[in-house]
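Accompanying notes for the structure given below.
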Amino acid sequence: MSGATLIDGKAIAAGLRGEVAAAVVRFAGEHGVHPGLAVVLVGDDPASQVYVRNKKRETEAAGMASFEVKVPAATSERELLAVVEELNRRADVDGILVQLPLPPHIDSGRVIEAIDPAKDVDGFHPINAGRLASGQPGLVPCTPLGCIILAKSVQPDLMGLEAVVVGRSNIVGKPVAQLLLAENCTVTIAHSKSRALPEITARADLLVAAVGRPELIRGDWIKPGAIVIDVGINRVPGEGGKHRLVGDVDFEDTRHVAGAITPVPGGVGPMTIACLLRNTLVAAASRRGLPIPL
Ligand code: NAP
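Here the sequence shown is numbered in this note's numbering, starting from -4 and rising by one per residue.
Written out as structure tokens, the structure is:
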């Protein structure tokens, strides 16, 4: 490949998982605490089942306990809140993740708010979102944290960069913008109502695309030499009636212009579970008032 450096999310995520696994061993040796992650799955959505299975495998591979709580799709909101309350009380559970999306009869906001913020390893609780926005320590959403780690793998100090985030969701766009601000970037957030999007993205030394629109961002929207972090995961028709995954950035068109770029798949995707494991260890330490072992 000529042009951009390929940011290998798979390798960087494997490195982070290894660091977490080593820290788990040290932490258990020093404090006698064995961190545990509980994942709650409501119903039998096939994609969610795959995610939950992968999380269990990776949690156990990192030397942590994994607890799966599976409840039927017809579970009421009240019953699900009771499940979360029980996990909040359990001493052996350090992290709680409720797999989204939830069935339509359940208010996911109410369920997220029921999770003890000290165990909210997804970082979606309004308390943790507020801590991030006000620069206080807390649990940070996994995919946005992964984006920052990937950007810093090619440029360790992001201070002063013009950063543009396309997308303003609570789970990716807003937290990634907050994290970039904390890294002393000058941050612009664009969204579906932004005018002249290509002119905005062309200013970016660091571009994060979290849109959910296949290959929206083209090579001529990119500043030459920019770092491009593509969060998008979009399924599009491929050859022979199959599907293939593409990002929000047109990779082929952009890789000759960018300085560094994440591929899809193999870029941001693998970072999410690695950061979830990291957050579980952080939660295990901080809720006991112990130093964070990473
Ligand atoms: P989302 O909640 O649908 O938010 C999409 C954002 O993009 C919104 O803020 C929307 O603007 C904006 N947008 C939509 N069309 C646009 C356009 N044409 N021009 C400019 N902005 C536009 O999506 P999300 O949950 O943030 O996820 C974004 C992408 O990341 C998806 O492809 C998702 O699959 C992927 N993702 C990957 C991971 C991972 O790698 N592990 C994790 C999470 C998400 P408005 O606010 O104005 O509607």
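Think of the CB as a built atom: it goes at the ideal place given N, C-alpha and C, for glycine as much as any other residue.
- Under the 10 Å beta carbon count, Asp87 is surrounded by fewer than 16 other beta carbons and is classified as exposed.
- By the C-beta criterion, the stretch 119 to 128 is judged not to be in contact with the stretch 272 to 287, since fewer than 3 inter-stretch pairs fall below 8 Å.
- For Ala253, the secondary structure class from DSSP, reduced to helix, strand or coil, is coil.
- In the structure shown, Thr183 falls within a strand segment according to DSSP collapsed to helix, strand and coil.
- DSSP links Ser129 through a beta bridge to no other residue.
- Residue pairing by DSSP places Ser148 opposite no residue, since no beta bridge is assigned to it.
- Only residues of its own chain outside the window of five on either side were considered, and among them Leu145, Ser148, Val149, Ala255, Ile256, Thr257, Gly262 have a CB closer than 7 Å to the CB of Ile2, listed in chain order.
- Per DSSP, Leu201 lies in no alpha helix (DSSP H); the unbroken beta strand (DSSP E) holding it starts and ends at 201 to 204.
- In the structure shown, His238 falls within a strand segment according to DSSP collapsed to helix, strand and coil.
- Non-local beta-carbon contacts of Val206 in its own chain, meaning distances under 7 Å to residues more than five positions away in sequence, involve Val161, Gly162, Gly227, Asp243 in chain order.
- With a threshold of 8 Å, the Cβ atom of Arg208 counts as near ligand 1, since some heavy atom of the ligand is closer than that.
- Within a 10 Å sphere around the beta-carbon of Pro193 sit fewer than 16 other beta-carbons, which makes this residue exposed.
- Remark: C-beta atoms of Ala278 and Gly38 do not approach each other more closely than 9 Å.
- When secondary structure is reduced to three states using DSSP, Glu210 falls in the coil class, being assigned neither helix nor strand.
- Residue pairing from DSSP places Val160 in a beta bridge opposite Ile184, Val203.
- Rounded to whole angstroms, Leu95 and Phe62 show a C-alpha spacing of 17 Å.
- When secondary structure is reduced to three states using DSSP, Lys51 falls in the helix class.
- Residue pairing by DSSP puts Leu36 in a beta bridge opposite Lys65.
- Taking C-alpha positions only, Gln131 is separated from Val47 by approximately 30 Å.
- When DSSP states are grouped into helix, strand and coil, Arg230 belongs to the strand group.
- Exclusion of the five residues before and after Lys65 leaves Leu36 as the residues of its chain whose Cβ lies within less than 6 Å of its Cβ.
- Burial of Arg12 is indicated by the presence of at least 16 other C-beta atoms within 10 angstroms of its C-beta.
- Among the bridge pairs identified by DSSP, Ile91 is matched with Ala33.
- Annotation for Ile256 indicates a beta carbon at 8 Å or more from all heavy atoms of ligand 1.
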